[in-house]
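J.: Sequential numbering from 1425 applies to the sequence shown in the numbering used here.
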Amino acid sequence: MRLSRKITAPSGRGRKQWTEPPFWQLDVFRESWAATSTTNRERVENDFAGYVQAAYKTNGVVFACVLAQQLVFAEAWFASRELTDAGRPGDLFGFDSPDLALLAKPWPSGTTGELLARMESDVSLAGNFYATTAGNVGRAATGPGRGPGRVAG
């Protein structure tokens, strides 16, 4: 198979709803270009499932650190403070605001703490977190059955 075909070929795993950028496949070719190669090093795959399997599940220290961060981060909540006419801080308002309603209930029976815990695990393991209200086919999920569309990478 040609190099260009290997880079642009789909991963074929069939379990993801989104496609990986082709630059993730370039890691396969790195060893052929390297002058020396060590065969006894630990290998972590370049996708979120690989990070979870190799770093999170098999390493107790990493698991404990991520869990400690999750427990603290999940206690946060979103609120804002109104300004009075004199420019002084007024009362707090939070989830009764329509702008913050999606954060209050990100999916049916979901809470802000659960959303923040998912965000923290993605950030700790993959480096960032992206969420969308669009479904797998690109339609906006705004009804009562909406769920977070998660993409980590």
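Virtual Cβ for every residue (Gly too), placed ideally from N, Cα, C. A quick note: this is a predicted structure, and the numbers were derived from the prediction, not measured.
Is Asp1546 helix, strand or coil when you go by DSSP?
T.: Of the three classes helix, strand and coil, the one that applies to Asp1546 here is helix, per DSSP.
J.: Tell me which same chain residues have a C-beta within less than 6 Å of the C-beta of Tyr1475, skipping the five on either side of it?
T.: Within the same chain, Tyr1475 has close Cβ partners Leu1549, Ala1550.
J.: Could you say which of Leu1507, Arg1505, Arg1542, Ala1555 lies nearest to Ala1498 if we only look at CA atoms?
T.: Nearest of Leu1507, Arg1505, Arg1542, Ala1555 to Ala1498, Cα basis: Arg1542.
J.: Quick check on DSSP: helix, strand or coil for Phe1472?
T.: Helix.
J.: Quick check on Phe1472: buried or exposed, where buried means 16 or more other Cβ atoms within 10 Å of its Cβ?
T.: The residue is buried, with at least 16 neighbouring Cβ atoms inside 10 Å.
J.: Taking 7 Å as the limit between beta carbons, can you name the residues of its chain near Glu1506, skipping five residues before and five after?
T.: Cβ within range, chain order: Gly1514, Asp1515, Phe1517.
J.: Taking the C-alpha atoms as reference points, what is the distance between Pro1568 and Gly1537?
T.: Its pLDDT being 48, under 50, Pro1568 is placed unreliably by the model, and the measurement read from it follows with that caveat. When rounded, the distance between both Cα atoms is 19 Å.
J.: Taking the continuous alpha helix (DSSP H) assigned at Gly1484, which residues delimit it?
T.: Note, Gly1484: alpha helix (DSSP H), 1484-1497.
J.: At what residues does the beta strand (DSSP E) containing Leu1510 begin and finish?
T.: One point to set straight first is that residue 1510 is Ala, not Leu, in the sequence displayed. Taken as a continuous stretch (DSSP letters only), Ala1510 belongs to no beta strand (DSSP E), as it is neither H nor E.
J.: Helix, strand or coil for Ala1500, going by three-state DSSP, please let me know.
T.: Ala1500 falls in the coil class under three-state DSSP.
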